[in-house]
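Before any comments, here is the structure.
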Amino acid sequence: MTGETILTRNFERSDSHTLRAYVETGGYRAWAKAQAMEPAAIVDEVKRANLRGLGGAGFPTGTKWSFIPKNHAGPVYLVINADEGEPGTFKDRYLLERDPHALVEGMLIAARAIRSATAFVYVRGEYVEPWRRFSTAVREAYEAGHLGKGFDIVVHRGAGAYICGEETGLISSLEGKKGWPKLKPPFPAIKGAFGAPTIVNNVETICHVPHIVNRGAAWFAALGTKTQGGTRMYSVSGRVVRPGVYEAPVGITLRQLIYERAGGVTGNGRLKAVVPGGSSAAILTADEIDVTMDVDGLKNAGTMAGSAGVIVMDETVSIPESLMVVARFYAHESCGQCTPCRESTGWIYKMTRRIVEGRGRKEDLDTILDVAKRGAGTTICAFYDGAVGPYISYIEKFRGEFEALIPRA
Amino acid sequence: MPRLTINGKAVEVPAGTNLIEAARSAGVEVPHYCYHAGLSIAGQCRLCMVDIDKTPRPTIACNTVAADGMVVQTETDRVRETRKSIMEFHLINHPLDCPVCDQAGECWLQIYYMQHGLYDPRMTDEKVHKPKAVPLGPHVILDAERCILCSRCVRFCDEITGTGELGIFERGDHSEIGLFPGHELDNKYSGNVVDICPVGALTDRDFRFQVRVWYLETAKSVCPGCARGCNIEVHVNRRRPHHAEGRRVARLKPRFNADVNRWWICDAGRYGFGFVDGADRLRVPARREGGTASDATWDEAIAAVAGALRRLPPEEVGVIASPKMSNEDLFALRRLLDVCAVRRVAVQVPPRAPGDEDAILIRADKNPNSMGAELMGLGGDARAVLTAARGRQLKLLWIFGHDLLASAWPEPEVLEALRRVETVVFTGPSANLTSAHAHWVLPAAAWVERDGTYTNFEGRVQRFRQATEPLGQALPEWEIVGRILAPLGEAPSATRAEHWFRQLAAAVPAFAGLSYQSLGDTGRRLAGANP
């Protein structure tokens, strides 16, 4: 199941990031076609393509676009979330560096669909080269006359906070405020950036749009499963022979991804566990990898596709230590706004660290599970629910490994 | 108007009402920290969870607008468990230093832990440490470890004063309230952040370590600091006077009045009570003869003033009453002046510097009862009284409270006037430069030591109640005036402030129909009032 590559088709060209290379390979033809389409027709095409958000939540993209109030008089903003920060995820980086014009063209089409004249691209602060490459592409697009005629792109750099990848945290940060997620309702499509209706889409999601317009919704939908069309880019890292970004139809299984694409497991060669969708996804054991990697396939397996960051662990990896690292990340990155998240991320990190350092107590594991479950679903944004994924799954699936570290009384 | 059911009780609330307020109208209290009716919705504390029919999990009440047909439950098992969890989260990093915390006894962590927590503590790791005892400004001090990061103080400075001194810095459980660089919490309303802080994070530098709050007694009152008449509570310490070196008034707190000050008061009003226990308070009547002052009895003082009034022709008497006197005082004085046919009467003395004013609460007129004085017809020309004194036309000049020597009038003119009058009488709570020139000093009770009413700039008549006993032999002005009326042939008809108010309501059309009962706790606006 190798299949056709769409998003990564030009990645082997050394000049793939240039306007010339992009146009040579058919770039900006979709934009020409879309200009003859009614906005509603574009939205409809994307809906029928079953394109789902590839940043993490997997929300149907066309449906999201249709939430913009009809006949809204003021400005509408398109915001591109290029604040790729989910641990284990590095696909948007490749797109920004190797095919930035795909994003520009996708934005032109998306902006037409939602009637937006201004878009912001919020680039992760640490992504210096992707920011340079994308900014150059924007400049080229202005010079070529694609931009500046009723549609402008503003490139904005973040300052390194994970929470600014949460769509309303991103909006707050974009507005010049502390990157705190906002209360919903109102949702961004009603009242988003600077109080205007706003659509926030992931880089990869928007890069798919020109292909959908070029080749049609039916083609795109057929690439995937019944509920999710197309391909997506899987970031595979950890104990595999060939870590990297692999584009595959969303129906690929986790086993295929690890063994057929990434070359199998390194180290002692024995797979122990896999995180399938970035650090916030629940962990899968070695015998749970025959799942399809689409949004619903992984949801049914009790985890999530998230950002498609696949972290592979072999038998040499300590699950308690991994949880400690993950817990430290969430404690460090919690924005501190909601009490349950602010307080329990730090508390759970302290408990996991104590266990790893051999100072655990037998009640600690149940306390972590209880604290995690009590806080779940009580906060403004999904950050804490993301943290709860690993807290619970690592302990429930590998409890013996934790217990072995706790001194007997 | 949406109609909904809360804990089985049907209520109808105005459109846009959130579920905390809707529940309140049904007599149901939803516990909360970050929500404050005077501020924007933050939704951060996550304590105000309620169950709404057809909603998969508990929802915060503060950010949910009441909708028609909504069925809300505030006491389901699920909600109680969630609340308990949220309480635990709020407290895991809290220092639990109630024995040394000023908030103890009025702390919402204590109250809600007892009502909704009562879990067995299980956090055994080292708590997060943060800055303690950080002065934020002249009035407020921060203990960041006690803070629950509800952001009320931040929102207050952003939304009410618009001064924006405070922010939340750092992230996660290291988040802390702090000042933006180069700023100080020194706006004119800074003390309010202490009131709205639900815990002991922000405490009042003036009140700190004075007395435990459970020893305080409370009286509903009105701030005398300007013409706004903000509603306040006076908290007095009568049970543990030794804890505060005898200081009786422990603090003033704003009292909600939707039409006057809502939840707030200014710092000038909040900290303006120092004179009540000040060293310059007048405690006993005194007379000054040939440069030497000596204590007198009330009988002597009353006899002296009454005698002068009886003896002197009315045109040789001048009175400068005060817009700081209550309606009752002013009405009693008006009766006395009528009896004696005195016409040289005034109330307003121009201040040396114009008072500050803003669009929030503070009024330029620093007197609480200018409107009352005007309505009673006492608003004569004070400068004319002064001129008459300088022209040796007056034998008796009675000054209430004013310090003429600290006014806009030229000092030599005032001194000349005071020296050219045979008998200068001063009545007020505190000594000042002018009282030092009086031949008779009659000590008046401070506003917290007595009952009365003020009429604010909008014509709202509001009661203030006695919080503590008058200092020494001080008396309310209405009683001093009443005692002088007796020897002049007016039988004592009023033994309480309320009696004078009744007579005022009967005599002055603007006040017709009002009574202490009808004024209630938040006052009544005069029918003819024209702001």
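Those sequence lines, one after another, are chains A and B. Numbering-wise (my numbering), the first sequence opens with residue 56 and increments by one. Numbering-wise (my numbering), the second sequence opens with residue -14 and increments by one. Every residue, glycine too, gets a C-beta built ideally from N, C-alpha and C.
Item                                                                                                                                                                                  : Value
Quick one: which chain A residues come within Cβ less than 8 Å of B:Gln29?                                                                                                            : Gln392, Cys393, Thr394, Ile435
I'd like to check one pair, A:Arg107 with A:Phe114: are the Cβ atoms closer than 9 Å?                                                                                                 : yes
Given a cut-off of 9 Å on the beta-carbon distance, is the pair B:Phe486 and B:Thr438 in contact?                                                                                     : yes
In whole angstroms, what is the alpha-carbon distance linking A:Ser69 and A:Arg153?                                                                                                   : 8 Å
Hey, quick one: how far does the beta strand (DSSP E) through B:Thr203 stretch, first residue to last?                                                                                : 201 to 207
Might you give, ordered along the chain, the residues of its own chain that have their beta carbon closer than 7 Å to the beta carbon of B:Asn78, omitting 5 neighbours on each side? : Lys112, Val113, Asp158
By DSSP, does A:Pro304 sit in helix, in strand, or in coil?                                                                                                                           : strand
Nearest to A:Ser171 by CA position, among A:Ala216, A:Phe438, A:Phe206, A:Tyr197, is which residue?                                                                                   : A:Phe206
Return the residues of the segment 155 to 176 of chain B that lie within a Cβ-Cβ distance of less than 8 Å from chain A, sorted by chain order.                                       : Glu155, Arg156, Gly157, Asp158, His159, Ser160
Does the distance from the CB of A:Asn257 to the CB of A:Gly111 come in under 9 Å?                                                                                                    : yes
Does the Cβ of B:Arg213 have 16 or more other Cβ atoms within 10 Å, making it buried, or fewer, making it exposed?                                                                    : buried
Which complete beta strand (DSSP E) runs does the segment 162 to 189 of chain B hold, if anything under 3 residues is left out?                                                       : 187 to 189
Whole beta strand (DSSP E) runs in the segment 170 to 223 of chain A with 3 or more residues, listed along the chain?                                                                 : 173 to 178, 207 to 212
Name, going along the chain, the residues of the segment 55 to 75 of chain B whose beta-carbon falls closer than 7 Å to a beta-carbon of chain A.                                     : Thr67, Ser70, Ile71, Phe74, His75
Could you name the residues of chain A that B:Asp110 contacts, counting a contact when the two beta carbons are closer than 8 Å?                                                      : Trp402, Lys405, Met406, Arg409
From B:Phe385 to A:Thr394, what does the alpha carbon distance come to, in whole angstroms?                                                                                           : 56 Å
Can you check whether the C-beta of B:Pro516 is within less than 9 Å of a C-beta belonging to chain A?                                                                                : Unreliable placement is indicated for B:Pro516, whose pLDDT of 43 sits below 50; the coordinate value is still reported in the next sentence. False, the Cβ-Cβ gap to chain A never drops below 9 Å.
Run down chain B in chain order and give the residues with a C-beta less than 7 Å from the C-beta of A:Leu238.                                                                        : Ile26, Gly28, Asn48
Could you name the residues of the segment 402 to 429 of chain B whose beta carbon sits closer than 9 Å to any beta carbon of chain A, in the order they occur along the chain?       : none
In chain order, what residues of the same chain lie with their CB nearer than 6 Å to the CB of B:Pro516, ignoring the 5 residues before and after it?                                 : For B:Pro516, the pLDDT reaches just 43, beneath the cut-off of 50, and the residue's location in the model is therefore unreliable, although a value from the coordinates is still provided. Closer than 6 Å at the Cβ level, and outside the excluded window around B:Pro516, lie Glu443.
Let's see if you can read the secondary structure: which residues bound the beta strand (DSSP E) around B:Leu511?                                                                     : First-last for B:Leu511: undefined, no H or E at that position.
On the DSSP letters alone, give me the boundaries of the alpha helix (DSSP H) that A:Met288 sits inside.                                                                              : Taken as a continuous stretch (DSSP letters only), A:Met288 belongs to no alpha helix (DSSP H), being part of the beta strand (DSSP E) at 286 to 293.
In or out: B:Gln451 buried (at least 16 other Cβ within 10 Å) or exposed?                                                                                                             : buried
Is A:Lys405 buried or exposed, if buried means 16 or more other CB atoms sit within 10 Å of its CB?                                                                                   : buried
Let me see if you follow: with CB-CB separation under 9 Å, is A:Arg429 close to chain B or not?                                                                                       : yes
Could you check where the beta strand (DSSP E) with A:Trp86 kicks off and where it finishes?                                                                                          : Segment 84 to 89 is the alpha helix (DSSP H) holding A:Trp86; no beta strand (DSSP E) there.
According to the neighbour-count rule (16 or more other Cβ atoms, all chains shown, within 10 Å of its Cβ), is A:Trp402 buried or exposed?                                            : buried
Please classify B:His227: is it buried, with 16 or more other beta-carbons within 10 angstroms of its beta-carbon, or exposed?                                                        : exposed
If B:Asp36 sits next to B:Val64, beta carbons under 8 Å apart, how far is it from one beta carbon to the other, in whole angstroms?                                                   : 5 Å
Name the chain A residues that come within less than 7 Å of B:Arg42, Cβ to Cβ?                                                                                                        : Gly432
Could you tell me whether the Cβ of A:Glu471 comes closer than 9 Å to any Cβ of chain B?                                                                                              : Nothing about residue 471 of chain A can be reported from this structure: the residues present for chain A run from 56 to 464 only.
Where does A:Met56 land, buried or exposed, given buried means 16+ other C-beta within 10 angstroms?                                                                                  : Unreliable positioning characterises A:Met56 in this predicted model, as indicated by a pLDDT of 42, which lies under 50. The coordinate reading is nonetheless provided below. So A:Met56 counts as exposed.
In chain B, which residues lie less than 7 Å from A:Thr422 when you measure between Cβ atoms?                                                                                         : Arg107
Which of the three DSSP states, helix, strand or coil, is assigned to A:Thr118?                                                                                                       : helix
Would A:Ser290 be called buried (16 or more neighbouring beta carbons within 10 Å of its own) or exposed?                                                                             : buried
With DSSP as the reference, please indicate the residues paired to B:Val(-4) in a beta bridge.                                                                                        : B:Leu(-11)
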